[in-house]
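*Asks:*
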Amino acid sequence: VGPPLWYSDRLYDQTPPGVVMGLAWTSMGGSALYVESTLESILTLNSTPCLNKTGQMGDVMKESTAIAYTFAKSLMALEYSGNKFFEKAAIHLHVPEGATPKDGPSAGITMATSLLSLAFQKPLDPTIAMTGELTLTGKVLKIGGLREKAVAAKRSGVTTLIYPEANLSDWEELPENVKEGLKGVPVAWYSDVFNVVFGDISKEYAKNVW
Amino acid sequence: VGPPLWYSDRLYDQTPPGVVMGLAWTSMGGSALYVESTLESILTLNSTPCLNKTGQMGDVMKESTAIAYTFAKSLMALEYSGNKFFEKAAIHLHVPEGATPKDGPSAGITMATSLLSLAFQKPLDPTIAMTGELTLTGKVLKIGGLREKAVAAKRSGVTTLIYPEANLSDWEELPENVKEGLKGVPVAWYSDVFNVVFGDISKEYAKNVW
Amino acid sequence: VGPPLWYSDRLYDQTPPGVVMGLAWTSMGGSALYVESTLESILTLNSTPCLNKTGQMGDVMKESTAIAYTFAKSLMALEYSGNKFFEKAAIHLHVPEGATPKDGPSAGITMATSLLSLAFQKPLDPTIAMTGELTLTGKVLKIGGLREKAVAAKRSGVTTLIYPEANLSDWEELPENVKEGLKGVPVAWYSDVFNVVFGDISKEYAKNVW
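Chains as they are written, first to last, in my numbering: chain A, 819 to 1028; chain B, 819 to 1028; chain C, 819 to 1028.
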């Protein structure tokens, strides 16, 4: 009797390119929070780039999306200049579930990863989740609720949790039973995230993917 | 004297292409909720694609329409690349009745089906109704009020009800007299919906319909 | 036990071009307030100039950004007419942290410096911080909370603090232990700021940087 003692909010067993698991922190505790990016229309030489957003995002989260978009575009331009994806792509970014209001900046690195995963056509390992505010230059800032987020991640089968280095002391204070089987990866810059999730992408591959 | 003991809110005996029966859940119980899509202007090689919406939709339902539109376009591009409908079509999507405020994400699969039905010029079997939130990648998420919706569907002559697999336990708890004569089809992805309603569409047909 | 007696809110050990440390004054005291500017897309001969802003800025701060943008553009046009940066650049200006509402005009010179640092591709000395309202003609106006800002600057490793000349008496009233190791630079016009941070930029360099 009563609510289930254990449940998962995993939506995806396998994540297609553009889908990344983030984590939310609410008054009810932590939960998985996916970010989905897809193309709105076929990529052509003449298509006009844009980013449309849905998912009942508040102002801060909408700005977070804009920051992630600018950052992903500049990373691509600087590191993989042969890849023209963001110059042509009409992108739709959605955060299910559609009726739940969401806000806050802590999905920044999740959004950037979602956009880059779509651009590289590279699906993520579905056992990776991440949380962290992103600045325009790729700095990763501290977030709230790491404990609740770690519990939710573990419940959903996550084995690698990427979190801001500024939350290192929060991580160290996690109970052993939460950390067991959950590898924490502290990151100070987005490049640290990139190495974990896209480290094996060659310049050659990136240039030719679209 | 008093309200009728039995009534139907079926608007269509036969549904033209673009019209699909969904289901609403309100404080008054469940009811049929049609989604209608038509062309705003003649389809030409030079027409500009767009999606206009009416029907007193709230924010969540408007976003739901945008998600269904992006999803339908990408499904078409990926599976039926010869069909140029969404690249040219100025579409108007309406949810009668026009004076009733409506909201929520649970018409997602109904909207996607409405748009695809128009694109394929394929009318639906009018005894099929459906309810389910849709994500950008085609995942079907849990909805509320399945019991009330099932009662309303049956009252309106529905014999096949498509609902999210995540609501399977709600379905199983329905009284036998509701389930009698009503076939439930649980779906986890939009491809499951597609197989039920458009399963007989060939690539050849889709390429030449417009 | 209790909060740390000493902490820094320095985000950057080295600041890339476009990033400048400003200072905020809140009911909690002073704190570092970075301004980040980056390019939204690659600079081409055909790109359309614009300035997008994020960071939960209030109306006054948004106007401050517009003033800094106009001022930076006119400085460039008057002094370095060979540099076409602002005629082509789609710029994104962000003020971390994304969830903190910010307002007020005192980041004016910081914003102008951020935009010029991006335009010149010239990183700033990370031990410099600045605060001051900017007018369209480059006049620097008095700000509030210099004492709290100076304390925050020092705590974050700043050794040079640029402040409005109109706040000279506030500076002189600072306790000796705050001023120790902190060089104050009073400025009446933006040209004074310019000489400190960009004084070594030649017309030749500015003309050829983009």
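Where is the CB? At the ideal position from N, CA and C, for every residue including glycine.
Computed from a predicted model, the values in this text were never measured in an experiment.
Taking the alpha-carbon positions, what's the A:D1018 to A:Y1008 distance?
*Replies:* Numbered from its first residue, the first sequence carries residue 1018 of chain A at position 200. Numbered from its first residue, the first sequence carries residue 1008 of chain A at position 190. About 16 Å.
*Asks:* Tell me the rounded alpha-carbon separation between C:I927 and C:E905.
*Replies:* As a first step, residue 927 of chain C must be located in the third sequence, where it is residue number 109. As a first step, residue 905 of chain C must be located in the third sequence, where it is residue number 87. Roughly 21 Å between the two C-alpha positions.
*Asks:* Cβ closer than 7 Å: which chain A residues qualify as neighbours of C:E858?
*Replies:* Position 40 of the third sequence, counting from 1, holds the residue named residue 858 of chain C. Within chain A, the residues near C:E858 are T888 and K891.
*Asks:* For the stretch 987 to 1018 of chain C, enumerate the residues whose C-beta is nearer than 7 Å to any C-beta of chain A, in chain order.
*Replies:* Taking 7 Å as the Cβ-Cβ cut-off against chain A, none of the residues of the stretch 987 to 1018 of chain C qualify.
*Asks:* Does C:V838 get closer than 8 Å to chain A when you measure Cβ to Cβ?
*Replies:* On the third sequence, position 20 is the one that residue 838 of chain C refers to. No - not a single Cβ of chain A is within 8 Å of the one on C:V838.
*Asks:* In chain order, what residues of the same chain have a beta carbon less than 8 Å from the beta carbon of A:K1025, not counting five sequence neighbours either side?
*Replies:* Translated into positions along the first sequence, residue 1025 of chain A becomes position 207. Closer than 8 Å at Cβ, skipping near neighbours: Y898, G900 and N901.
*Asks:* Can you list the residues of chain A that B:P919 reaches, using a CB-CB cut of under 7 Å?
*Replies:* Counted from its first residue, the second sequence places residue 919 of chain B at position 101. Within 7 Å Cβ-Cβ: nothing; B:P919 doesn't reach chain A, min ~15 Å.
*Asks:* When DSSP labels each residue in this structure, what does B:W989 get in the three-state scheme?
*Replies:* On the second sequence, residue 989 of chain B is found 171 positions in, with the first residue counted as 1. Residue state, collapsed to three classes: helix.
*Asks:* Classify B:A907 as helix, strand or coil using the three-state DSSP reduction.
*Replies:* As a position in the second sequence, residue 907 of chain B is number 89, starting the count at 1. Here B:A907 sits in coil by DSSP.
*Asks:* With a CB to CB cut of under 7 Å and the five nearest residues on each side skipped, what residues in its chain are close to B:L861?
*Replies:* Start at 1 with the first residue of the second sequence, and residue 861 of chain B comes out as number 43. Cβ neighbours of B:L861 beyond the five flanking positions: K906, A907 and W1028.
*Asks:* Got a sec, what are the start and stop residues for the beta strand (DSSP E) B:V1005 sits in?
*Replies:* On the second sequence, residue 1005 of chain B is found 187 positions in, with the first residue counted as 1. From DSSP, the beta strand (DSSP E) with B:V1005 extends over K1001 to V1005.
*Asks:* Nearest CA to the CA of B:I946: which residue from B:M875, B:F938, B:E983 and B:S932?
*Replies:* Taking the first residue of the second sequence as 1, we reach residue 946 of chain B at position 128. For B:I946, the nearest C-alpha among the options comes from B:S932.
*Asks:* So which residues of chain A does C:E854 contact, with C-beta pairs closer than 8 Å?
*Replies:* For this step, residue 854 of chain C is matched to residue 36 along the third sequence. Result: T953, L954 and T955.
*Asks:* Grab me the residues of C:K1021's own chain with a C-beta within less than 7 Å of its C-beta, minus the 5 sequence neighbours each way, in chain order.
*Replies:* Working through the third sequence from its first residue, we reach residue 1021 of chain C at position 203. Only Y898 meet the Cβ criterion.
*Asks:* Going straight from the alpha carbon of B:F903 to that of B:P867, what length do you get?
*Replies:* By one-based count along the second sequence, residue 903 of chain B stands at place 85. By one-based count along the second sequence, residue 867 of chain B stands at place 49. For B:F903 and B:P867, the distance between alpha carbons rounds to 9 Å.
*Asks:* Give the residues from the stretch 860 to 876 of chain A that approach chain B closer than 8 Å (Cβ to any Cβ), ordered along the chain.
*Replies:* So the list reads I860, N870, T872, G873 and Q874, given in the order they occur along the chain.
*Asks:* Select from B:E998, B:K957 and B:L936 the residue whose C-alpha is nearest the C-alpha of B:Y981.
*Replies:* Working through the second sequence from its first residue, we reach residue 981 of chain B at position 163. It is B:K957.
*Asks:* Quick one, which of B:G950, B:F1012 and B:H912 has its alpha-carbon nearest B:G836's?
*Replies:* Translated into positions along the second sequence, residue 836 of chain B becomes position 18. Here the closest residue by C-alpha is B:H912.
*Asks:* For chain C, find out if any of its Cβ atoms is closer than 8 Å to the Cβ of A:P923; answer yes or no.
*Replies:* Locating residue 923 of chain A in the first sequence gives position 105, where the first residue counts as 1. Cβ-Cβ to chain C under 8 Å: yes for A:P923.
*Asks:* Against chain C, with Cβ distances strictly below 8 Å, would A:I927 count as a contact?
*Replies:* Here residue 927 of chain A corresponds to residue number 109 of the first sequence, with the count starting at 1. So, not an interface residue.
*Asks:* Exposed or buried, which one is C:M846 when buried takes at least 16 other CB atoms within 10 Å?
*Replies:* Reading the third sequence from its first residue, position 28 is the one you call residue 846 of chain C. It counts as exposed.
*Asks:* Given a cut-off of 8 Å, decide if A:K967 and A:G848 are closer than it, judged by their beta-carbon atoms.
*Replies:* Along the first sequence, one-based indexing puts residue 848 of chain A at 30. Along the first sequence, one-based indexing puts residue 967 of chain A at 149. Contact: yes.
*Asks:* Measuring straight from C-alpha to C-alpha, what distance separates B:D831 and B:S924?
*Replies:* Position 13 of the second sequence holds residue 831 of chain B. Position 106 of the second sequence holds residue 924 of chain B. Those two C-alpha atoms are separated by around 23 Å.
*Asks:* Within the continuous alpha helix (DSSP H) that includes A:N870, where are the two ends?
*Replies:* For the purposes of this step, residue 870 of chain A is taken as the residue at position 52 of the first sequence. Run containing A:N870: none in the alpha helix (DSSP H); it sits in the beta strand (DSSP E), C868 to T872.
*Asks:* Here's the rule I'm using: 16 or more other beta-carbon atoms within 10 Å means buried, otherwise exposed. How should C:T833 be labelled?
*Replies:* Taking the third sequence and counting its residues from 1, the one referred to as residue 833 of chain C is at position 15. So C:T833 counts as buried.
*Asks:* How many whole angstroms separate the CB atoms of B:H910 and B:N870, which I take to be in contact at a CB cut-off of 8 Å?
*Replies:* Working through the second sequence from its first residue, we reach residue 910 of chain B at position 92. Working through the second sequence from its first residue, we reach residue 870 of chain B at position 52. Between B:N870 and B:H910 the Cβ distance is about 5 Å, and since that is below 8 Å, they are a contact.
*Asks:* Please tell me whether A:A917 and B:G950 are closer than 8 Å, where the distance is taken between their beta carbons.
*Replies:* For the purposes of this step, residue 917 of chain A is taken as the residue at position 99 of the first sequence. For the purposes of this step, residue 950 of chain B is taken as the residue at position 132 of the second sequence. Against a cut-off of 8 Å, the Cβ pair of B:G950 and A:A917 comes out as no contact.
*Asks:* If we count the other Cβ atoms within 10 Å of its Cβ and call it buried at 16 or more, is C:K891 buried or exposed?
*Replies:* Translated into positions along the third sequence, residue 891 of chain C becomes position 73. Per the 10 Å Cβ criterion, buried.
*Asks:* Checking 8 Å against the spacing of the C-beta atoms, do A:Y854 and A:P914 come in under that value?
*Replies:* Within the first sequence, numbered from 1, the residue matching residue 854 of chain A stands at position 36. Within the first sequence, numbered from 1, the residue matching residue 914 of chain A stands at position 96. For the sequence presented, residue 854 of chain A should be read as Glu rather than Tyr. Against a cut-off of 8 Å, the Cβ pair of A:P914 and A:E854 comes out as a contact.
*Asks:* 8 Å is my cut-off, CB to CB: does C:P822 come that close to chain A?
*Replies:* Locating residue 822 of chain C in the third sequence gives position 4, counting from the first residue. Low local confidence applies: a pLDDT of 41 at C:P822 is under 50, so the model's placement there is unreliable, and no value is given.
*Asks:* Using only the alpha-carbon positions, how far apart do A:L893 and B:F889 sit?
*Replies:* One-based indexing of the first sequence puts residue 893 of chain A at position 75. One-based indexing of the second sequence puts residue 889 of chain B at position 71. Each residue's alpha carbon lies about 27 Å from the other.
*Asks:* Interface residues of chain A around C:E915 at Cβ under 9 Å?
*Replies:* The residue given as residue 915 of chain C occupies position 97 in the third sequence. Here the neighbours are P923, E951, T953, L959 and K960.
*Asks:* So the beta strand (DSSP E) A:V838 belongs to, where does it begin and stop?
*Replies:* To locate residue 838 of chain A, count along the first sequence from 1; it is residue 20. Segment V837 to T844, the beta strand (DSSP E) holding A:V838.
*Asks:* Using the beta-carbon of each residue, which ones in chain C are nearer than 8 Å to A:A842?
*Replies:* On the first sequence, residue 842 of chain A is found 24 positions in, with the first residue counted as 1. Chain C residues near A:A842: none, gap ~14 Å exceeds 8 Å.
*Asks:* Could you tell me which residues DSSP pairs with C:Y852 in its beta bridges?
*Replies:* For this step, residue 852 of chain C is matched to residue 34 along the third sequence. Per DSSP, C:M839.
*Asks:* Please name the residue or residues paired with B:V1014 in a DSSP beta bridge.
*Replies:* Within the second sequence, the letter at position 196 stands for residue 1014 of chain B. Note: B:V1014 sits in no beta bridge, so no partner.
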